[in-house]
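> Got a structure for you, questions after.
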Amino acid sequence: MFRLHVKYEWVSVWRDRWVVVLSLIFFGLLFFAIRNGQEKVLERQASIAKARGELRQAESKRRGEIDSVARGLRQYGEARRNPRLLSTYGQRMGKVVAMDAQPLAFVATGQSDLFTHFAKPKLYGEAYSLGFSELANPVQLLFGSFDLAFVCVYLLPLLVLAFSYNLLSSDKESGSLRLTLSQPVSLFSWLVAKLALRYAVVVGLIAATLLIVLAWHGIAMSTGLFWLLLLICVYVLFWFAVSFLVSLLGWSSGQNAIVLVSVWVVLVLLVPSIVSQLANAVYPVPSRINMIHNYRVAEADAEKRASEILTSYYRDHPELGQQDSTVANQYQFWLKYFASVDVLKKAVQPVLDEYDGALAQQQEWVDRFKVLSPAILLQAGLNDLAGTSTAHYTDFRHQVIGFNETWRNYFIPRMFANELLQASDLDQLPEPRYQSRVQPVWAIDLLLIAVFAAVVLGVSFRVYQTSSAERWLAS
Amino acid sequence: MLEAVNLSKSYNGVSALKGVSFKVNKGDIFCLLGANGAGKTTTINLFLNFISPTSGQALINQVDTAQQPLATKKMLAYIPENLMLYPNLTGVENLHYFSALAGRKYPSAELTNYLNEAGLREVAHHQRVSTYSKGMRQKVGVAIALAKKADVLLLDEPTSGLDPKASNEFAALLKKLSELGVATLMATHDLFRAIETGTHIGIMKEGNLVESMTTDQINHQDLERLYLKHMN
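Just so you know, the sequences run in chain order V and F. Taking the working numbering, the leading residue of the first sequence gets -4, the next gets one more, and so forth. Taking the working numbering, the leading residue of the second sequence gets 319, the next gets one more, and so forth.
Written as structure tokens, this is what we have:
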């Protein structure tokens, strides 16, 4: 019986021009979205490759200069032009710490258009913001990028609803439902069969389009792709379940359409923006202006007391003290600066902590309330799979800050010891090893969307059980 | 065989059907006459289990339609006033689908036979139903009744809106089914067709069956007089 329903539903769907047109439009949207996403990934990879290439070139040039100067084959004029100076090398030749795109990065732009994907450590300057992004950047939940995530979160439900909103009501309105229900069939299994076929068509369409477009763009297949599809399929199931429930309530096609679009507006537009707005209202990010002001006050104070600070700095770090105090340290200027940076850091740390804390609280808030809408859950899951979530960029930022410390810790003690670089030192420099330490959360998102779908299906079943044929046949 | 036993239906306290009883035997065609809202369609809907009776029983071959709807639906065929099929399927496909729903599967040659028997021109068999006229769709409905080997046929104003020729063809089909032993219950406004085709006539008014007779007891003029008497 189920197969019979499915078979003829398939014939009907296949012969329906509207369905074919919808499918073509959807194919076009997916194609364009994946292409967009992939272009961004290629741009990102190209910018990283460029930075690495430039550094490699500069390094080999510098290595030659250092070697020539060390062997006395080359003059460099003024002292500050000496290529062997640790201060110059440490400042200008920082290693590239890069966040390479994950295999599924094309899926969701996520935060990738807000943050940089590589950073070069420096000995001084940009110590706090590290040029990652605007400090006052709020936790963004909704993005304007036209990527696969956008198509799936926003447009896919509309396709599903357009495909299913009048499944029962059109048969009721045309009158064929009376003929169907005069046969020994249960309305439930009949409707389930019709929806199952349409579900299979939508899911098949997504899978086929995805594979075709990925092959077209030469994107490698990975197991992540399977999880990606599963995540989307469960989301699609949720929307079919909503449509199923509304159908069972026995309203007209027009009423169904209005109700379903309202559900879409609430779950896809309203809830995410309310959660995001509330996050800003409840945990406001401290003003960046205040932070810069505090930073400058501390900086001016530190500059005034530079010599005093350096003395106390030596007292705190006797291991850095120069062996031969009769020779002036050629890095004197920098050392004072480093010492003041330390003071500065302590002075502005509360401001930075407050800022970081507010961001973390916002994120926590969003994580807690994302269970309010399958749309937020899917967006979060896709960002996670794509490796472009806030957590990924926060982790990257921390790793960059960590490497920046490692880099300084290599140079600063050597500068206190008044050393110069050897060509052989260049092989001993610390190397960044970025590896994402973010715990994947998409499986939880997947599970929660599945719970949403299960609840709606459960309610549908209950509605069916407590209804009689009158509900669906009454005009 | 089809039987209404003291059948009543009320909606929120308003009675639509008030204890109606009648019986349609094998081969009989029982024509229900009455104004709109007299309870004709309510009676048919009760036999289809589209609604549940407030009291009384609607029996098909002694089986209560409210108790075992799936069993009774196997035994009946239904042709509403405006029979609608699946527009994107052809006549043959619709027949295959609906007869298979009733648990009867036929090879396509046999489906063609049923459509021919119902008088649908062969050239239309493989056209989509969206191109069919109402008369053609009614013929597919009859073919479904034939293919389903229904014992009971429920008709709700099947000839309204049909041209005289189509209406005449439809009446001939009903007679053919009746000869096969099908018990037919037909709600209609067509007094002439009721006398011509029916074996029994019932007149309904405000939820009651006010008259019941066989067609050989009455002619067209007398029936019209009787009908108008009740309506005034």
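Just so you know, even glycine gets a beta-carbon here, dropped at the ideal spot from N, CA and C.
Using only alpha-carbon positions, find the residue among V:Ala236, V:Ala46, V:Gln33 that is nearest to V:Ile444.
Looking up residue 444 of chain V in the first sequence gives position 449. Considering only alpha carbons, the answer is V:Ala236.
> Can you have a look at V:Phe138 and say buried or exposed, based on whether 16 or more other CB atoms are within 10 angstroms of its CB?
Counting from one through the first sequence, the residue named residue 138 of chain V turns up at place 143. For V:Phe138, the predicted model reports a pLDDT of 46, less than 50, meaning its position is unreliable and no value from the coordinates is stated.
> Determine the extent of the beta strand (DSSP E) in which F:Tyr396 is found, giving its start and end residues.
The count along the second sequence starts at 1 and reaches residue 396 of chain F at position 78. Taken as a continuous stretch (DSSP letters only), the beta strand (DSSP E) holding F:Tyr396 covers 394 to 397.
> Is there a Cβ of chain F sitting closer than 8 Å to that of V:Pro179, yes or no?
As a position in the first sequence, residue 179 of chain V is number 184, starting the count at 1. So, interface residue.
> Whose C-alpha, out of V:Gly105, V:Val16, V:Ser302, is nearest the C-alpha of V:Ala381?
Residue numbering aside, residue 381 of chain V sits at position 386 when the first sequence is read from its first letter. Of the listed residues, the one whose Cα sits closest to V:Ala381 is V:Gly105.
> Measuring CB to CB, does F:Leu407 end up less than 8 Å from V:Val241?
The residue labelled residue 407 of chain F in the question sits at position 89 within the second sequence. The residue labelled residue 241 of chain V in the question sits at position 246 within the first sequence. It is not a contact, given that the beta carbons lie outside the stated cut-off.
> So that I know if they touch, is there some Cβ in chain V lying closer than 8 Å to that of F:Ser370?
What you label residue 370 of chain F is simply residue 52 of the second sequence in a count that begins at 1. Yes, because at least one Cβ of chain V sits closer than 8 Å to the Cβ of F:Ser370.
> Across which residues does DSSP place F:Asp474 in a beta bridge pair?
Counting from one through the second sequence, the residue named residue 474 of chain F turns up at place 156. Note: F:Asp474 sits in a beta bridge opposite F:Ala505.
> Any chance the CB of V:Thr175 is under 7 Å from a heavy atom of the ligand SAH?
By its list of ligands, the structure shown contains no ligand whatsoever, and the ligand SAH lies outside what it can speak to.
> Out of F:Asn324, F:Lys523, F:Val332, F:Asp534, which one is the CA nearest neighbour of F:Tyr545?
Position 227 of the second sequence, counting from 1, holds the residue named residue 545 of chain F. That would be F:Lys523, whose Cα lies nearest to the Cα of F:Tyr545.
> If you drop the 5 nearest sequence neighbours on each side, which residues of the same chain put their C-beta closer than 6 Å to that of F:Phe365?
Position 47 of the second sequence, counting from 1, holds the residue named residue 365 of chain F. Closer than 6 Å at Cβ, skipping near neighbours: Ala376, Thr383, Leu472.
> For the pair the region 383 to 391 of chain V and the region 279 to 298 of chain V, tell me if three or more CB-CB distances fall below 8 Å.
Flag = no, the region 383 to 391 of chain V and the region 279 to 298 of chain V do not touch.
> How would you write the range of the alpha helix (DSSP H) that V:Cys228 sits in, first residue to last?
For the purposes of this step, residue 228 of chain V is identified with residue 233 of the first sequence, where counting begins at 1. Note, V:Cys228: alpha helix (DSSP H), 218 to 243.
> Cutting at 7 Å between CB atoms, please list the residues of its own chain near V:Val229, excluding the five before and the five after it.
Here the question's residue 229 of chain V lines up with position 234 in the first sequence. Excluding residues within five positions, the ones whose Cβ falls inside 7 Å are Leu441, Ile444, Ala445, Ala448.
> For the beta strand (DSSP E) that F:Tyr329 lies in, which residues bound it at each end?
In the second sequence, the residue the question calls residue 329 of chain F occupies position 11. Note, F:Tyr329: beta strand (DSSP E), 320 to 329.
> Return the CA-CA distance between F:Thr506 and V:Ser462, expressed in angstroms with no decimal places.
Looking up residue 506 of chain F in the second sequence gives position 188. Looking up residue 462 of chain V in the first sequence gives position 467. Answer to the nearest angstrom: the Cα atoms are 30 Å apart.
> Whose Cβ in chain V lies nearer than 7 Å to the Cβ of F:Ala420?
Looking up residue 420 of chain F in the second sequence gives position 102. Going along chain V in sequence order, the residues near F:Ala420 (Cβ under 7 Å) are Gln178, Pro179.
> Using the C-alpha atoms, what's the distance from V:Lys341 back to V:Phe328?
Within the first sequence, residue 328 of chain V is the residue found at index 333, counting from 1. Within the first sequence, residue 341 of chain V is the residue found at index 346, counting from 1. For V:Phe328 and V:Lys341, the distance between alpha carbons rounds to 21 Å.
> Do you know whose CA, among V:Lys117, V:Asp422, V:Leu377, lies nearest V:Pro98's CA?
Start at 1 with the first residue of the first sequence, and residue 98 of chain V comes out as number 103. Closest option to V:Pro98, Cα to Cα, is V:Leu377.
> Exposed or buried, which one is F:Met504 when buried takes at least 16 other CB atoms within 10 Å?
Position 186 of the second sequence, counted from the first residue, corresponds to residue 504 of chain F. By the 10 Å Cβ count, F:Met504 comes out buried.
> Note down, one range per segment and in chain order, each beta strand (DSSP E) of at least 3 residues found wholly within the region 518 to 547 of chain F.
Listed in chain order, they are 518 to 523, 526 to 532.
> Quick check on F:Lys336: does DSSP put it in helix, strand or coil?
Here residue 336 of chain F refers to the residue found at position 18 when the second sequence is read from its first residue. Residue state, collapsed to three classes: strand.
> Within this structure, are the beta carbons of V:Tyr278 and V:Gln374 separated by less than 8 Å?
Start at 1 with the first residue of the first sequence, and residue 278 of chain V comes out as number 283. Start at 1 with the first residue of the first sequence, and residue 374 of chain V comes out as number 379. Not in contact: V:Tyr278 and V:Gln374 (Cβ atoms no closer than 8 Å).
> When the Cα of V:Ser63 is compared with those of V:Pro78, V:Ala74, V:Leu50, which residue comes out closest?
By 1-based counting over the first sequence, the position of residue 63 of chain V is 68. Closest by alpha carbon: V:Pro78.
> At 8 Å on the CB atoms, spell out the chain V contacts of F:Phe348, in chain order.
Translated into the one-based positions of the second sequence, residue 348 of chain F becomes position 30. Within 8 Å Cβ-Cβ: nothing; F:Phe348 doesn't reach chain V, min ~18 Å.
> Measure from the alpha carbon of F:Gly355 to the alpha carbon of each residue in F:Lys327, F:Arg511, F:His538, then state which is nearest.
Taking the first residue of the second sequence as position 1, residue 355 of chain F is located at position 37. Nearest option by C-alpha distance: F:Lys327.
> Report yes if the C-beta distance between V:Ser368 and V:Pro267 is below 8 Å; otherwise report no.
Residue 368 of chain V sits at position 373 when you count from the first residue of the first sequence. Residue 267 of chain V sits at position 272 when you count from the first residue of the first sequence. Closer than 8 Å, so yes.
> So with CB distances below 7 Å, who are the chain F contacts of V:Ser169?
Here residue 169 of chain V is taken as the residue at index 174 of the first sequence, counted from 1. What V:Ser169 touches in chain F: Met402.
> Take V:Thr401 as the anchor and find which of V:Arg457, V:Ile61, V:Ala46, V:Lys115 has the nearest alpha-carbon.
For this step, residue 401 of chain V is matched to residue 406 along the first sequence. Per the Cα distances, V:Lys115.
> Just the Cα atoms here: how many angstroms apart are V:Gln460 and V:Phe183?
Counting from one through the first sequence, the residue named residue 460 of chain V turns up at place 465. Counting from one through the first sequence, the residue named residue 183 of chain V turns up at place 188. Each residue's alpha carbon lies about 9 Å from the other.
> Residues in the same chain with beta-carbon distance under 6 Å from V:Ser247, minus the five sequence neighbours each way, listed in chain order, please.
By one-based count along the first sequence, residue 247 of chain V stands at place 252. If we look at V:Ser247 and ignore the five residues flanking it on each side, its Cβ neighbours are Ser164.
> Hey, out of V:Ser302, V:Leu(-1), V:Ile201, V:Trp222, whose CA is closest to V:Ala438's CA?
Translated into positions along the first sequence, residue 438 of chain V becomes position 443. The option with the nearest alpha carbon to V:Ala438 is V:Trp222.
> List, in chain order, every chain A residue whose beta-carbon is nearer than 8 Å to that of V:Tyr3.
Among the chains of the structure shown, chain A does not appear; the protein chains present are V and F.
> Note down the Cα distance separating V:Leu330 from V:Gln344, rounded to an integer number of angstroms.
By 1-based counting over the first sequence, the position of residue 330 of chain V is 335. By 1-based counting over the first sequence, the position of residue 344 of chain V is 349. Using only the alpha carbons, I get a separation of about 21 Å.
> Pairing CB atoms from the region 453 to 469 of chain F with CB atoms from the region 395 to 412 of chain F, are three or more of them under 8 Å?
These segments touch.
> Would you say V:Thr204 and V:Leu19 are within 8 Å of each other, going by their C-beta atoms?
Indexing the first sequence from 1 puts residue 204 of chain V at position 209. Indexing the first sequence from 1 puts residue 19 of chain V at position 24. No.
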